[in-house]
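What follows is a short report on a single structure.
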Amino acid sequence: MNATNSINNVLLAVPYQLNIWFGSFLWIAGNLGCIGNMIVYCSRSSRKRAYSIYLLSATVANLHYFNFVLLTRIIQNGFQFPLVNRFIIICKLRQFSSIWGNLVSFSLFSFAIIDRILSTQRSNKYRQWSNRVSLAYIMIILIPLFWLLLLGHRIVLYRINNGTCGPLEGFYAVYDNYFQVIFSSLGP
Numbered sequence: 527m528n529a530t531n532s533i534n535n536v537l538l539a540v541p542y543q544l545n546i547w548f549g550s551f552l553w554i555a556g557n558l559g560c561i562g563n564m565i566v567y568c569s570r571s572s573r574k575r576a577y578s579i580y581l582l583s584a585t586v587a588n589l590h591y592f593n594f595v596l597l598t599r600i601i602q603n604g605f606q607f608p609l610v611n612r613f614i615i616i617c618k619l620r621q622f623s624s625i626w627g628n629l630v631s632f633s634l635f636s637f638a639i640i641d642r643i644l645s646t647q648r649s650n651k652y653r654q655w656s657n658r659v660s661l662a663y664i665m666i667i668l669i670p671l672f673w674l675l676l677l678g679h680r681i682v683l684y685r686i687n688n689g690t691c692g693p694l695e696g697f698y699a700v701y702d703n704y705f706q707v708i709f710s711s712l713g714p
């Protein structure tokens, strides 16, 4: 009987420990990877290439994702501190950032891929569209703004109801579920 209770206690503690240890590993590895990418893409030679500007901006979006979304998950699910369910601003920003960070990073990464594909084309008509640094600087401003405008409703329409962070009840809750499924499937 006592062995069964101790096994049950261990099995109940496993998800929390996984959130702490594996989440912390992902957080550290992700931050180190982002710092490494920033060192590479901030060099003088890289700043003259459009794809590296896109990748540097995607790295900044990933850094935001690791240090806000993942960190709040580790605190909430690993250490059992109801951060998201207690503070309304963290509730709203986390729900927004969880999709926004992925979509911004994915979009910028996609633009870097498109730039590289265009640079390898035989046709001069397509190749002339590659490595447009001025266009890259415009796009790294427009892409986050586009996703902010499209996802900004989450900052306004999320609340803490009965100790749980979620969308307003009614039509918006249904809309937000479909919205999240569609836009989460567009990104990684």
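Position 98, counted from 1, in the sequence shown is what the working numbering calls 624; the numbers after and before it change by one each time, with no gaps.
All C-beta atoms in this analysis are idealised placements derived from N, C-alpha and C, irrespective of residue type, glycine included.
No experiment lies behind these values; they were computed from the predicted model shown.
Helix, strand or coil at residue i according to DSSP, with G and I counted as helix
i    : result
T646 : coil
C560 : helix
S633 : helix
P670 : helix
P608 : coil
W553 : helix
S569 : coil
W626 : helix
S532 : helix
Q706 : helix
F613 : coil
R599 : helix
S711 : helix
W547 : helix
R575 : coil
S656 : coil
Pick from the options that is closest to residue i, judged by C-alpha positions
i    : options                : result
N557 : R575, S572, V595       : V595
Q543 : D641, R642, I600       : I600
N688 : L589, I565, I614       : I614
A584 : L674, D702, I669       : I669
S656 : A539, R575, I554       : R575
T690 : F607, L674, S631, S571 : F607
S631 : L671, S569, D702       : L671
Q602 : N545, W553, I681       : N545
V540 : S572, I554, R573, F605 : F605
Chain-order list of residues whose beta-carbon lies under 7 Å from that of residue i (same chain, five-residue window excluded)
i    : result
F637 : Y580, M665
F709 : I625, L629
I686 : N611, I614, C617
R653 : L644, S645, Q647
Y577 : A638, D641, R642
T598 : L609, V610, I616, R620
D702 : P693
S572 : V566, S578
Own chain residues within Cβ distance below 6 Å of residue i, not counting five before or after
i    : result
S624 : V595
A699 : P693
L582 : Y567
For residue i: DSSP bridge partner residues
i    : result
I686 : C691
8 Å Cβ shell around residue i - same chain, five flanking residues per side excluded
i    : result
G627 : A587, N588, H590, Y591, F594, V595
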